[in-house]
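*Asks:* Quick one: the structure is below, and I'll ask about it shortly.
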Amino acid sequence: MGTCVAKLFALLCAFLLYRTPPSIQAEKHSLYYIYTALSKPVNLPGIYEFTAMGLLDDTQIDYYNSEEQRNIPKQTWMKEKMTEDYWEEDTKLRKDKEQWIKKNIDSLMKCMKQNESDLHVLQWRHGCEVEQQGSEPKRINEYCYDGEDFLSFDYKESQWVTPADTDLISKWKWDNVPILKQHTAGYLKMECVDWLKKFREYGDEELRKPSPPDVHMFARKSRNETQLKLICMVTGFYAKDTMLTIRKYRTALPENEIKSTGIRPNPDGTFQIQKSVEISEDEKAEYDCFVFHSNITAPIIIKWGQDTGSKTSDSSASSSVELIPSQCEASSGDRLPDEYVLTKLGQKTKKESY
Numbered sequence: 031m032g033t034c035v036a037k038l039f040a041l042l043c044a045f046l047l048y049r050t051p052p053s054i055q056a057e058k059h060s061l062y063y064i065y066t067a068l069s070k071p072v073n074l075p076g077i078y079e080f081t082a083m084g085l086l087d088d089t090q091i092d093y094y095n096s097e098e099q100r101n102i103p104k105q106t107w108m109k110e111k112m113t114e115d116y117w118e119e120d121t122k123l124r125k126d127k128e129q130w131i132k133k134n135i136d137s138l139m140k141c142m143k144q145n146e147s148d149l150h151v152l153q154w155r156h157g158c159e160v161e162q163q164g165s166e167p168k169r170i171n172e173y174c175y176d177g178e179d180f181l182s183f184d185y186k187e188s189q190w191v192t193p194a195d196t197d198l199i200s201k202w203k204w205d206n207v208p209i210l211k212q213h214t215a216g217y218l219k220m221e222c223v224d225w226l227k228k229f230r231e232y233g234d235e236e237l238r239k240p241s242p243p244d245v246h247m248f249a250r251k252s253r254n255e256t257q258l259k260l261i262c263m264v265t266g267f268y269a270k271d272t273m274l275t276i277r278k279y280r281t282a283l284p285e286n287e288i289k290s291t292g293i294r295p296n297p298d299g300t301f302q303i304q305k306s307v308e309i310s311e312d313e314k315a316e317y318d319c320f321v322f323h324s325n326i327t328a329p330i331i332i333k334w335g336q337d338t339g340s341k342t343s344d345s346s347a348s349s350s351v352e353l354i355p356s357q358c359e360a361s362s363g364d365r366l367p368d369e370y371v372l373t374k375l376g377q378k379t380k381k382e383s384y
């Protein structure tokens with residue numbers, strides 16, 4: 031309760047003192063599993079006939095491919111919290127799904143009379159997304175074939191649906207497997223949300239580190255020789271409820287004057303965001319980067335030319351000023367076999383389900 035009060039007080043202070051109303055959106059959390067199968071092998075590094083991965087809040091938590099055939103943790107907390115038995119069972123489940131999805135891609139190719147020499151891709155995504163306010167979770171179980179929507183499960187109606195002009199045969203077959211619909215609906219209703227909450231608890235220390243994000247302010251040459259592109263970058267944060275604003279004379283610039291990369295993942299599982307604006311070179315001292323994040327109680331304000339020791343916040347975020355030439359800028363099926371349904375889906379799975 032004390033932490034919530036402190037954050038609420040900080041938000042109020044940010045509005046009164048810095049004239050910038052924070053607009054942090056409600057924090058969402060998600061757990062998705064994505065499976066990708068190719069109709070044939072390709073001789074490209076890092077590309078496998080079958081891959082599977084779990085994503086918690088868009089951060090990879092485990093991974094499996096058809097070459098290594100072993101499900102491995104991608105986060106330290108997953109390795110520490112989950113037992114060896116868990117990973118052994120998970121590996122078996124991934125192997126089962128690898129065989130099942132390969133059978134389905136073969137069936138689809140035959141049904142559509144496609145050439146075996148061509149490459150085709152079947153993708154499957156299932157999971158859930160929740161908001162802290164307690165609203166109804168978003169539940170997803172969907173398939174794509176060669177990049178097009180193919181089949182999805184309507185949770186409310188408890189039936190499979192297809193876009194127009196797609197495979198109605200698979201829909202009819204899958205709708206007529208009651209146990210498949212029951213397990214799909216059961217997983218989406220309870221198990222996915224339960225595992226999402228559990229994983230969030232397990233990874234809470236890592237996913238919501240108390241340390242503030244790193245904030246950088248720098249400039250690049252603009253195509254207009256009389257101007258600079260002023261960039262504010264926030265990086266190294268886990269929770270996505272981060273507000274970044276570029277201000278002039280402590281007043282937030284209109285959003286239509288600012289370009290944003292949106293929130294993007296870093297290789298270490300954290301996130302970053304960049305916002306930029308075109309300015310006159312002699313005005314750069316008038317601007318600052320204003321950052322508010324759920325893990326800090328006071329905003330971070332970085333002005334032009336500040337170093338690490340001269341922040342206007344008590345955070346430990348770093349600051350840098352550099353001029354970089356513009357040319358260096360980064361550019362922004364077939365139904366389940368009956369025996370599989372009975373022997374595999376009839377068992378209680380841990381967190382993944384059909």
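Counting from 31, one number per residue, gives the positions in the sequence shown under our numbering.
Where is the CB? At the ideal position from N, CA and C, for every residue including glycine.
Treat the numbers as computed from the prediction; the structure is a model and nothing was measured.
So which of Tyr-185, Ser-188, Lys-70 has the shortest CA-CA distance to Ile-135?
*Replies:* Looking at the Cα atoms, Lys-70 is the closest of the given residues.
*Asks:* Candidates Lys-186, Phe-229, Ile-131: which alpha carbon is nearest Thr-89's?
*Replies:* The residue with the shortest Cα to Cα distance from Thr-89 is Phe-229.
*Asks:* Determine the DSSP secondary structure at Thr-121, reduced to helix, strand or coil.
*Replies:* Helix.
*Asks:* For Lys-333 and Asp-271, what's the separation of their Cα atoms in angstroms?
*Replies:* So the two alpha carbons sit approximately 22 Å from each other.
*Asks:* So what does Gln-257 bridge to, in DSSP terms?
*Replies:* According to DSSP, which records beta bridges pairwise, Gln-257 is partnered with Ser-310.
*Asks:* What does Tyr-173 pair with, by DSSP beta-bridge criteria?
*Replies:* Looking at the DSSP assignment, Tyr-173 forms a beta bridge with Trp-154, Leu-181.
*Asks:* Would you report the Cα separation of Val-207 and Lys-259, rounded to the nearest angstrom?
*Replies:* Going from the Cα of Val-207 to the Cα of Lys-259 covers about 58 Å.
*Asks:* Between Glu-232 and the rest of its own chain, which residues show a CB-CB distance below 6 Å, the 5 nearest in sequence each way excluded?
*Replies:* Glu is not the amino acid found at residue 232; the sequence shown has Tyr there. If we look at Tyr-232 and ignore the five residues flanking it on each side, its Cβ neighbours are Trp-107, Lys-111.
*Asks:* Are the Cβ atoms of Leu-152 and Val-72 separated by less than 8 Å?
*Replies:* Against a cut-off of 8 Å, the Cβ pair of Val-72 and Leu-152 comes out as no contact.
*Asks:* Go ahead and label Thr-66 buried or exposed: buried means 16 or more other beta carbons lie within 10 angstroms of its beta carbon, across all protein chains shown.
*Replies:* Buried is the call here.
*Asks:* For His-246, which beta-bridge partners are listed by DSSP?
*Replies:* Answer is Met-263.
*Asks:* To the nearest angstrom, how far is the alpha carbon of His-246 from that of Cys-262?
*Replies:* Using only the alpha carbons, I get a separation of about 6 Å.
*Asks:* Which word fits Ser-388, buried or exposed, when buried means at least 16 other C-beta atoms lie within 10 angstroms of its C-beta?
*Replies:* Lying before the first or after the last residue shown, residue 388 is absent from the chain, which here runs from 31 to 384.
*Asks:* Would Leu-226 pass as a contact of Val-321 if the rule is Cβ separation under 8 Å?
*Replies:* Contact: no.
*Asks:* Look at the Cβ atom of Lys-314, then the Cβ atom of Leu-274, and state whether they are nearer than 8 Å.
*Replies:* In this structure, Leu-274 does not lie closer than 8 Å to Lys-314 by Cβ.
*Asks:* Is the separation between the beta-carbon of Trp-190 and that of Phe-183 shorter than 8 Å?
*Replies:* Yes, they are a contact pair.
*Asks:* Roughly how many whole angstroms lie between the Cα atoms of Pro-75 and Arg-100?
*Replies:* Cα-Cα distance, rounded: 18 Å.
*Asks:* Quick one: grab the DSSP three-state call for Tyr-65.
*Replies:* Correct three-state label for Tyr-65: strand.
*Asks:* So, Thr-300 versus Gly-266, is the Cβ gap smaller than 8 Å?
*Replies:* For Thr-300 and Gly-266, yes; Cβs fall inside 8 Å.
*Asks:* Name, in chain order, the residues that DSSP records as bridge partners for Phe-301.
*Replies:* DSSP lists Phe-267, Pro-295 as partners of Phe-301.
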